[in-house]
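Single-structure report; data block below.
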């Protein structure tokens, strides 16, 4: 992909799943990668996978809901690699299930803090660094739950709708300064989060597969590749977009 070679990228939630796949793909395309996550052991495994293949990567333990952690993450990218060109703000949690009238306030606050405030914290720290470098590209992970509703997941759905709103607003604000901002909206992808759901309710997952026109769930690499493409020069006229990648699920 054009424009990735010799660039610097941050990937939050980079320890497993979609984040790991994106971090590896950035490195394969020639970028230096800062892998950020609260999951230290798996994050270091992501870095090892990159460096063992000849790439360049650094791990930073980061809670995206913590402003100081996020600022330190961006400072690491700038101090270690000389700037910041790309950010994939992918960290997120699913939270507890239950109707909107039964959701504990603590669950609402935690999901919003990580999924929505976390993206806000990241963009607020990343955009000034990108402006210093002459521009860049940000991709935020929303979800098909940012496009349609899902019963029992009101905090998650609200947080992901919010990510799309943040993405659109930042795209308008900074496109003239050379910073593109887009979102991806994955459907059901084979990640640790989905694997937990599969263990809890295997019949529900089979129903999801059956309801997906392509008849399967997605793979992390399919989302990671899309995130890297959105950062590349191949997507140079794309900003403010929310790219749904779900095998046709919400098209119906």
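Residue numbers (full-length UniProt numbering): 1 to 252. The beta-carbon is built from N, C-alpha and C at its ideal position, and this holds for glycine as well.
Presumed contact (8 Å Cβ cut-off) between residue i and residue j, rounded CB distance
i           : j           : result
residue 274 : residue 185 : Because the chain in this structure spans residues 1 to 252, residue 274 falls outside the shown range and cannot be described.
residue 125 : residue 74  : 4 Å
residue 160 : residue 142 : 5 Å
residue 157 : residue 121 : That belief does not hold up - the Cβ atoms of residue 157 and residue 121 are roughly 21 Å apart, past 8 Å.
Spatially closest choice to residue i from the options, by CA coordinates
i           : options            : result
residue 67  : 231, 192, 123      : 123
residue 150 : 170, 96, 191, 175  : 96
residue 246 : 233, 226, 231, 235 : 226
residue 86  : 105, 30, 168       : 30
residue 175 : 49, 237, 189       : 237
residue 4   : 63, 188, 233       : 233
residue 104 : 127, 64, 128, 153  : 153
residue 72  : 106, 182, 129      : 129
residue 235 : 46, 146, 166, 183  : 183
Under 8 Å between C-beta atoms of residue i and residue j
i           : j           : result
residue 155 : residue 108 : yes
residue 209 : residue 218 : no
residue 8   : residue 77  : yes
residue 39  : residue 21  : no
residue 171 : residue 240 : yes
residue 93  : residue 115 : yes
residue 35  : residue 57  : yes
residue 44  : residue 59  : yes
residue 135 : residue 179 : yes
residue 13  : residue 91  : yes
residue 164 : residue 242 : yes
residue 84  : residue 10  : yes
residue 148 : residue 250 : yes
residue 212 : residue 248 : yes
Coil, strand or helix - residue i by DSSP
i           : result
residue 37  : strand
residue 131 : helix
residue 57  : strand
residue 180 : strand
residue 11  : strand
residue 116 : helix
residue 26  : helix
residue 244 : strand
residue 151 : coil
residue 87  : strand
residue 138 : strand
residue 189 : strand
Cα-Cα separation between residue i and residue j, rounded to whole angstroms
i           : j           : result
residue 140 : residue 113 : 15 Å
residue 82  : residue 25  : 20 Å
residue 89  : residue 138 : 7 Å
residue 61  : residue 48  : 15 Å
residue 220 : residue 132 : 32 Å
residue 223 : residue 191 : 11 Å
residue 50  : residue 27  : 7 Å
residue 37  : residue 117 : 15 Å
residue 33  : residue 6   : 10 Å
residue 41  : residue 203 : 32 Å
residue 1   : residue 106 : 42 Å
residue 55  : residue 177 : 30 Å
residue 127 : residue 252 : 36 Å
residue 231 : residue 205 : 31 Å
residue 146 : residue 166 : 12 Å
residue 189 : residue 46  : 19 Å
residue 207 : residue 173 : 41 Å
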